[in-house]
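Notes for the one structure printed next.
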Amino acid sequence: MTDQRPSARKVEATTVSLSALAATDGDEIAPEAMIEDEDAVARTEAAASDYLAEGAVSQLIHAYVDQLRKVGVEALRRRPRVKAVVRGEGPRFKTVDSAELEKLEARLSRDREIVERRVFDGATLDEVSLATGVTKERVRQITRQATKLLTEIAAEAPRFAVMADKARRTMPPARPRRSGTAKVPLLPDPGALHNRLAHVEAIEAERASYATPVLPVAQLVLH
-8 MTDQRPSARK
2 VEATTVSLSA
12 LAATDGDEIA
22 PEAMIEDEDA
32 VARTEAAASD
42 YLAEGAVSQL
52 IHAYVDQLRK
62 VGVEALRRRP
72 RVKAVVRGEG
82 PRFKTVDSAE
92 LEKLEARLSR
102 DREIVERRVF
112 DGATLDEVSL
122 ATGVTKERVR
132 QITRQATKLL
142 TEIAAEAPRF
152 AVMADKARRT
162 MPPARPRRSG
172 TAKVPLLPDP
182 GALHNRLAHV
192 EAIEAERASY
202 ATPVLPVAQL
212 VLH
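Start counting the sequence shown at -8; every next residue gets the next number (the numbering used here).
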């Protein structure tokens, strides 16, 4: 059936209403749904990558804190505890003081915040120092030690292998080490051009009125 509109009859065309669009299952769809979004796949992949990266970073920081906790607890167990012996008590097993454990957990929580803000969020030293109450030098030390330990954890754990490879690719190449300092001779090179323009002759100095041994004197002769 031809369209009854004059403009359509001139070209023998039929107009179609966008409001009557339907999907393959018969349901009506909006006209905007027919427009293809060329960047939809790229945005979806980027969002999925960011989500996976955030999860990997969280697990990496958690592994870092766990390792620090193990080292800290082991150090507390080795620390001697001075307490008065109470009569009538049974054998006392070597345990960790609960107050020291609370201090350790507080320090780990502080270090975790510093690493998250400084290493992964890109906060400045001033911002991290003001937020945590730690000096900038101490923040710098914690960040440097954490970066080294995080790199080791990412390299050893298979689940962090992708992050370790990416970190190695983004790291600048190491400078080549010098085998040794070049030795500088004490005497000038006689074959050098500027040393060929002069030579040294030894002449005998005139005797003085008093008896002194005659010493040769060097005289510079320019050509």
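Where a beta carbon is used, it is the ideal one built from N, C-alpha and C, also for glycine. Predicted model, so just to flag it, every value in this text is computed and none were measured.
Unbroken alpha helix (DSSP H) run spanning residue i, endpoints
i: E118; result: 116 to 123
i: R70; result: Note, R70: premise wrong, no alpha helix (DSSP H); not H, not E.
i: D102; result: 89 to 106
Burial state of residue i, where buried means 16 or more other Cβ atoms lie within 10 Å
i: S278; result: Nothing can be reported for residue 278, as the shown portion of the chain is limited to -8 through 214.
i: V130; result: buried
i: D102; result: buried
i: M162; result: In this prediction, M162 scores a pLDDT of 46, lower than 50, which makes its location untrustworthy; no coordinate-derived value is stated.
i: A37; result: exposed
i: A199; result: The predicted model places A199 with a pLDDT of 48, which falls under 50 and marks its position as unreliable; any figure quoted below should be read in that light. A199 comes out exposed.
i: V2; result: exposed
i: V32; result: exposed
i: A137; result: buried
Where residue i falls: helix, strand or coil (DSSP)
i: G63; result: helix
i: T126; result: coil
i: P149; result: helix
i: E29; result: coil
i: D112; result: coil
i: P(-3); result: helix
i: M162; result: Confidence at M162 is low in this model, with a pLDDT of 46, below 50, so the placement of that residue should be treated as unreliable; the coordinate-derived value is given next. Three-state result, M162: coil.
i: V2; result: coil
i: T86; result: coil
i: D57; result: helix
Residue i vs residue j beta-carbon contact at 8 angstroms
i: V56; j: R68; result: no
i: E96; j: T123; result: no
i: L51; j: L140; result: no
Cβ of residue i within 8 angstroms of any chain D Cβ
i: D57; result: Going by chain labels, chain D is absent from the structure shown, which holds only one protein chain.
| Is the segment 59 to 72 close to the segment 109 to 117, with three or more CB pairs under 8 angstroms? | no
Segment contact flag, the segment 114 to 125 with the segment 135 to 151, C-beta cutoff 8 angstroms, min 3 pairs:
no
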